[in-house]
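Asker: Here's a structure for you.
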Amino acid sequence: MKILVLVKQTFDTEARITLDEKGQICDKDVNRITNPYDEFALEEAVRIKEKNGAEVVAITLGTEEGEKVLRNALAMGADRAIHITSNLDGLADSRKIAHYLSQVIKGEEADFDLILAGWVAVDNNAALVPGFISEFLQVPLANVVTKLQLQDEMVECEREGDGVSEIISLKLPALVTVQKGINEPRYPTMKNIMAAKKKPIKIINIKELQETEPYTLVKKFYLPVSKGAGKIVVDEGGNSVGELMAFFTEKRFI
Amino acid sequence: MINIMIYAEQTNYKLRKASREILGYFSVLAQEQPLQVTALVVGAECNEVIKEIGRCGVRDILVMEGQEYQTYHPNILAQAVVQGASDLRPDYLVLANTAVGKDIAPRVGGKLGWGCVSDVIDLELTDNLTFVKPIYAGKALAQIAGNGQKPLIVTVRPNALKAVDPSPVEPVVSKGVTPDLTGNEHLGYILKEVVAKVTGKTPPLTEADIIVSGGRGMKGPENFVLLEELAEVLGAAVGASRAAVDAGWREHQYQVGQTGKTVSPSLYIACGISGAIQHLAGMSSARTVVAINKDPNAPIFKIADFGIVGDALKILPILTAELKKHLKQTQ
Ligand SMILES: Cc1cc2nc3c(=O)[nH]c(=O)nc-3n(C[C@H](O)[C@H](O)[C@H](O)COP(=O)(O)OP(=O)(O)OC[C@H]3O[C@@H](n4cnc5c(N)ncnc54)[C@H](O)[C@@H]3O)c2cc1C
Ligand SMILES: Nc1ncnc2c1ncn2[C@@H]1O[C@H](COP(=O)(O)O)[C@@H](O)[C@H]1O
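Chains as they are written, first to last, in my numbering: chain V, 1 to 254; chain Y, 1001 to 1331.
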């Protein structure tokens, strides 16, 4: 069995966002992490490997710093990794990203049984790349999955809808995006971090691949205007409630 | 003329609130601007939804009715939307950024060869449409446009487009051709069971107009009753911080924040929540924020429109009682 895991490098969720003089996102002092949802995907892949045996391949498309997320994936238990190097950042057009990832998968990795991905990336909040990939590869897709079980030629998934959960069976090969709650990702041990340094990362420059246009363009970035501090009341024995009621009335909530 | 097709999502034969917002918004915009707005309805039984779309001010409706749409199947729905979009050739296909909208938008884009921008909170019309979406969990915003070559698929965050007053119209319905899926219904995706998670009483978190949310400061799961009681009076949904979810007091689907739900209610009441950056990420687009926290230095007060420094466990019951009293008087 061969499992591909899509991992994306994102800004640390603690990162402060500023714009440079050209109005671009300033990324100089930003710490980068593996997209949190992709760690759930990695953990799930490694658990399947430990239980049933499988080859786990981590794939990322991104700048050179992206090697960090691949080393992390290898330390968590992936066997090898593929890095599509490019200067496309985390906000690049989703269809374009999916086009390149699919192209590489269709090439040498076309014999996969399962692709795992995070359901959304925390930088662009897009939740689009896996959907496009499922179409480009013509494989069934279950999104936002919180439980997963392999059965013969199928994978059974529990997925989150709006106010419902659905049990779904996908025919392999398939693509599954995972949601928090599916597992607790492990912290790689020192020994595994060291071992990961020796595992292979194949580098593919994006220029070697068939090009595609972006379908969306960023016109500009801006920072939200802060509202300014509101009213603060110190409560003593419930006296604040009257003031809050007045506030609700003023704002027409009641 | 810009041609806009809006996928009108339904649950239980009723138009979803998030779709109603989009339809109303565009129908009002079309009164002043050169827009052709068409709604696409796909379902097993669409009469009620068609009437509701008329009340949103959208006259032209393309309907695909059939038993195959009774239960949600992403491939079957995506095929139908692709068919509708191929027939109508819109410049923009707009969906609500709900679980269904998110699930099918890139599938439809993949099939049609169109791009997609998701989770939009605002838009601007000049020669073309441009869209505003929060990035880095709302810490910045990006203005995004299509590439001018191909139509664009757009998903809009619930509660984001400002409330408007559309003028009702009499719907004009045309029947769409249902795509033939014979022998190919499942496409490797078999729905086995649907389990309802939320009772009809409270609105889903992402669409709720008011949210009462609790964090570690609520001290234990038993105290969430205080939030539920307040929510009931206000017709609100109950959310939680990650600390409360990780402690097992609340299910993950109620978590608000960067690794939970992104919400944009009119009113967000944060109780015993410190206001960590990852929590703010999920609720900073709320129009009004009220915070109750013991600690006067809690970061949540920096973004609160109204803050109470005090014990949530003591204040909540008084607030609920006052609201009940107020409602009785005004009824
Ligand atoms: C990658 C990543 C993703 C994350 N995603 C999320 C996310 O999606 N959502 C999220 O919420 N967090 C998220 N977090 C966690 C976040 O950093 C905080 O740890 C979390 O939000 C804290 O929850 P809290 O405010 O309930 O608890 P605390 O920070 O412990 O705050 C409790 C607050 O309650 C107050 N308090 C105590 N007793 C009372 C009382 N009786 N009455 C009133 N106030 C009282 C205290 O003064 C304190 O301010 C994430 C973290 C990381 C690293
Ligand atoms: N550049 C990328 N490289 C590898 N995987 C990616 C990339 N972008 C997105 N993904 C995968 O797709 C998921 C959803 O991302 P997005 O559609 O950008 O929100 C992520 O959690 C990853 O698993």
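In this text, a Cβ means the ideal position worked out from N, Cα and C, and glycines have one as well.
What are the uninterrupted segments assigned as beta strand (DSSP E) that are 3 or more residues long and contained completely in the stretch 1236–1287 of chain Y, given in chain order?
Answerer: Segments of the beta strand (DSSP E) lying fully in the stretch 1236–1287 of chain Y: 1237–1240, 1267–1271.
Asker: Nearest CA to the CA of residue 1253 (chain Y): which residue from V:196, V:40, V:161, V:110?
Answerer: As a first step, residue 1253 (chain Y) must be located in the second sequence, where it is residue number 253. The option with the nearest alpha carbon to residue 1253 (chain Y) is V:161.
Asker: So residue 177 (chain V) packs on residue 124 (chain V), CB below 8 angstroms; how close in whole Å?
Answerer: For the purposes of this step, residue 177 (chain V) is taken as the residue at position 177 of the first sequence. For the purposes of this step, residue 124 (chain V) is taken as the residue at position 124 of the first sequence. The Cβ separation is near 15 angstroms, so there is no contact.
Asker: According to DSSP, is residue 1162 (chain Y) part of a helix, a strand, or is it coil?
Answerer: To locate residue 1162 (chain Y), count along the second sequence from 1; it is residue 162. Note: residue 1162 (chain Y) maps to coil in three-state DSSP.
Asker: From residue 252 (chain V) to residue 1125 (chain Y), what distance separates their C-alpha atoms?
Answerer: Translated into the one-based positions of the first sequence, residue 252 (chain V) becomes position 252. Translated into the one-based positions of the second sequence, residue 1125 (chain Y) becomes position 125. In a straight line, the C-alpha of residue 252 (chain V) is about 31 angstroms away from that of residue 1125 (chain Y).
Asker: Could you check whether the Cβ of residue 185 (chain V) sits closer than 8 angstroms to any Cβ belonging to chain Y?
Answerer: Residue mapping note: residue 185 (chain V) aligns to position 185 of the first sequence, counting from 1. No, residue 185 (chain V) does not count as interfacial toward chain Y.
Asker: Is the Cβ-Cβ distance between residue 1307 (chain Y) and residue 1321 (chain Y) less than 8 angstroms?
Answerer: The count along the second sequence starts at 1 and reaches residue 1307 (chain Y) at position 307. The count along the second sequence starts at 1 and reaches residue 1321 (chain Y) at position 321. No, they are not a contact pair.
Asker: Assuming contact is defined by CB atoms lying nearer than 8 angstroms, are residue 262 (chain V) and residue 1 (chain V) in contact in what I supplied?
Answerer: Chain V is shown from 1 up to 254; residue 262 (chain V) falls before or after that span and cannot be answered.
Asker: Could you give the DSSP three-state label for residue 22 (chain V): helix, strand or coil?
Answerer: Against the first sequence, residue 22 (chain V) aligns to sequence position 22. Of the three classes helix, strand and coil, the one that applies to residue 22 (chain V) here is coil, per DSSP.
Asker: Let me check understanding here. Comparing Cα to Cα, which of Y:1327, Y:1053, Y:1168, Y:1092 lies closest to residue 249 (chain V)?
Answerer: As a position in the first sequence, residue 249 (chain V) is number 249, starting the count at 1. Selected option, being the one with the closest Cα: Y:1327.
Asker: With the cut-off set at 8 angstroms, would you say residue 320 (chain V) and residue 82 (chain V) are in Cβ contact?
Answerer: Nothing in the structure corresponds to residue 320 (chain V), since chain V is present only between 1 and 254.
Asker: Identify the continuous alpha helix (DSSP H) that holds residue 245 (chain V) and give its terminal residues.
Answerer: As a working mapping, residue 245 (chain V) is identified with position 245 in the first sequence. Residue 245 (chain V) -> alpha helix (DSSP H) spans 240–250.
Asker: Taking 8 angstroms as the CB-CB limit, is residue 95 (chain V) close to chain Y?
Answerer: Residue 95 (chain V) sits at position 95 when you count from the first residue of the first sequence. Closer than 8 angstroms: yes.
Asker: For residue 200 (chain V), is the beta carbon positioned less than 7 angstroms from some heavy atom of ligand 3?
Answerer: Absent from the structure shown: ligand 3. Ligands present: ligand 1 and ligand 2.
Asker: Pair every Cβ in the stretch 1152–1163 of chain Y with every Cβ in the stretch 1059–1072 of chain Y, then say whether three or more of these pairs are closer than 8 angstroms.
Answerer: No contact exists between the stretch 1152–1163 of chain Y and the stretch 1059–1072 of chain Y.
Asker: Buried or exposed for residue 1283 (chain Y), please, with buried defined as at least 16 other CB atoms from any protein chain shown within 10 angstroms of its CB.
Answerer: Taking the first residue of the second sequence as position 1, residue 1283 (chain Y) is located at position 283. So residue 1283 (chain Y) ends up on the buried side.
Asker: With DSSP as the reference, label residue 1059 (chain Y) as helix, strand or coil.
Answerer: For the purposes of this step, residue 1059 (chain Y) is identified with residue 59 of the second sequence, where counting begins at 1. Residue state, collapsed to three classes: coil.
Asker: With 7 angstroms as the C-beta to C-beta threshold (strictly closer), list the residues of the stretch 228–252 of chain V near chain Y in chain order.
Answerer: The residues in question are 229, 230, 231, 232, 233, 234, 235, 238, 240, 241, 244, 245, 247, 251.
Asker: Going straight from the alpha carbon of residue 17 (chain V) to that of residue 224 (chain V), what length do you get?
Answerer: Taking the first sequence and counting its residues from 1, the one referred to as residue 17 (chain V) is at position 17. Taking the first sequence and counting its residues from 1, the one referred to as residue 224 (chain V) is at position 224. Residue 17 (chain V) and residue 224 (chain V): Cα-Cα distance of roughly 11 angstroms.
Asker: Is the Cβ of residue 1167 (chain Y) closer than 8 angstroms to any Cβ of chain V?
Answerer: Translated into positions along the second sequence, residue 1167 (chain Y) becomes position 167. Not closer than 8 angstroms to any Cβ of chain V, the Cβ of residue 1167 (chain Y) fails to qualify, so no.
Asker: With 8 angstroms set as the bound, which would you pick, yes or no: does the beta-carbon of residue 125 (chain V) sit closer than that to a beta-carbon of chain Y?
Answerer: Taking the first sequence and counting its residues from 1, the one referred to as residue 125 (chain V) is at position 125. By this cut-off, residue 125 (chain V) is an interface position.
Asker: Given a threshold of 16 other Cβ atoms within 10 Å of its Cβ, counted over all protein chains shown, does residue 1135 (chain Y) qualify as buried or as exposed?
Answerer: Here residue 1135 (chain Y) is taken as the residue at index 135 of the second sequence, counted from 1. With 16 or more other Cβ atoms within 10 Å, it is buried.
Asker: Can you give the beta carbon distance from residue 1081 (chain Y) to residue 1117 (chain Y), rounded, assuming they're within the 8 angstroms contact cut?
Answerer: Here the question's residue 1081 (chain Y) lines up with position 81 in the second sequence. Here the question's residue 1117 (chain Y) lines up with position 117 in the second sequence. That pair is no contact at about 17 angstroms.
Asker: DSSP three-state label for residue 83 (chain V), please.
Answerer: Taking the first residue of the first sequence as 1, we reach residue 83 (chain V) at position 83. Strand.
Asker: Anything in chain Y within Cβ reach of residue 216 (chain V), meaning under 8 angstroms, just list it in chain order.
Answerer: Within the first sequence, numbered from 1, the residue matching residue 216 (chain V) stands at position 216. The answer, in chain order, is 1115, 1116, 1117, 1144, 1145, 1146, 1147, 1152.
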